[in-house]
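K.L.:
Numbering (the numbering used here), first residue to last: 1 to 172.
1) Mapping DSSP to helix, strand and coil, what is residue 35?
2) When DSSP labels each residue in this structure, what does residue 106 get in the three-state scheme?
3) Could you tell me the alpha carbon to alpha carbon distance between residue 105 and residue 54, rounded to whole angstroms?
4) What residue range is occupied by the uninterrupted alpha helix (DSSP H) comprising residue 92?
5) Counting only the same chain and skipping the five closest in sequence on each side, list residues whose C-beta sits under 8 Å from that of residue 126.
6) With a threshold of 16 other CB atoms inside 10 Å of the CB of residue 90, please say whether the residue is buried or exposed.
7) Where residue 169 and residue 162 are concerned, what is the direct C-alpha to C-alpha distance, given to the nearest angstrom?
8) Report the three-state DSSP secondary structure of residue 169 (helix, strand or coil).
9) Going by the beta-carbon positions, is the gap between residue 234 and residue 121 smaller than 7 Å?
10) Taking a contact to mean a Cβ-Cβ separation below 7 Å, would you say residue 95 touches residue 71 in this structure?
11) Return the first residue and the last residue of the beta strand (DSSP E) that residue 131 is part of.
12) Of the choices 49, 48, 171, whose alpha-carbon is the least far from that of residue 118?
13) Applying the criterion that 16 or more other CB atoms from any shown protein chain within 10 Å of the CB defines a buried residue, is residue 15 buried or exposed?
14) Check whether the Cβ of residue 134 lies closer than 7 Å to any Cβ atom in chain C.
15) With a Cβ-Cβ cutoff of 7 Å, do residue 76 and residue 66 count as a contact?
16) Assign residue 43 to buried or exposed, taking buried as 16 or more other Cβ atoms, counted over all protein chains shown, within 10 Å of its Cβ.
17) Would you mind sorting residue 33 into buried or exposed? The rule is 16 or more other CB atoms within 10 Å of its CB.
18) Given a threshold of 16 other Cβ atoms within 10 Å of its Cβ, counted over all protein chains shown, does residue 74 qualify as buried or as exposed?
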């Protein structure tokens, strides 16, 4: 009887290391696969998954933005009438922003920020241009009178500010 148990234990201890070696191969980390699902890469693939309604003061209506692979779309919802409409046509607004700001914009990449309803039919928003703000000539003359060395140090540290355009859009 003892020999049977001894043979069983012997087989067990000889076979287990061989099986464990196969398990170790399967348990190695696959960093390349895990890297494909890193948060900063997934964020590029994720779009809107929920809405954040913003109520329009003085009305029962609200607005929200929805982002898909085709770009952002802005909607106004009237829950009493059960209607949902786009605030503006993205192609037309991109063409107008390109004409005014002299920066090329397309309907998929609208640079609209800080949206606010002034009244139920007027929308206010900002657009940052890629162009730098120019300093006024008067300010430059005053700065020349000051110490030149201090001015050079400050200019190196300061980054140029981008032009911000403020727009109002009337919803029809």
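Don't be surprised by glycine CBs; every beta carbon is placed ideally from N, CA and C. Treat the numbers as computed from the prediction; the structure is a model and nothing was measured.
P.N.:
Put simply:
1) Residue 35: helix per DSSP, three-state reduction.
2) coil
3) 26 Å
4) 90-101
5) For residue 126, where only same-chain residues beyond five positions count, the Cβ hits under 8 Å are 112, 113, 114, 164, 165, 166, 167.
6) Classification for residue 90: buried.
7) 22 Å
8) strand
9) Any property of residue 234 remains undetermined from this structure, which presents the chain solely from 1 to 172.
10) No; because the gap between Cβ atoms is not below 7 Å, this pair is not in contact.
11) Taken as a continuous stretch (DSSP letters only), the beta strand (DSSP E) holding residue 131 covers 122-132.
12) 171
13) exposed
14) No chain C is part of this structure, which consists of one protein chain only.
15) no
16) exposed
17) exposed
18) buried
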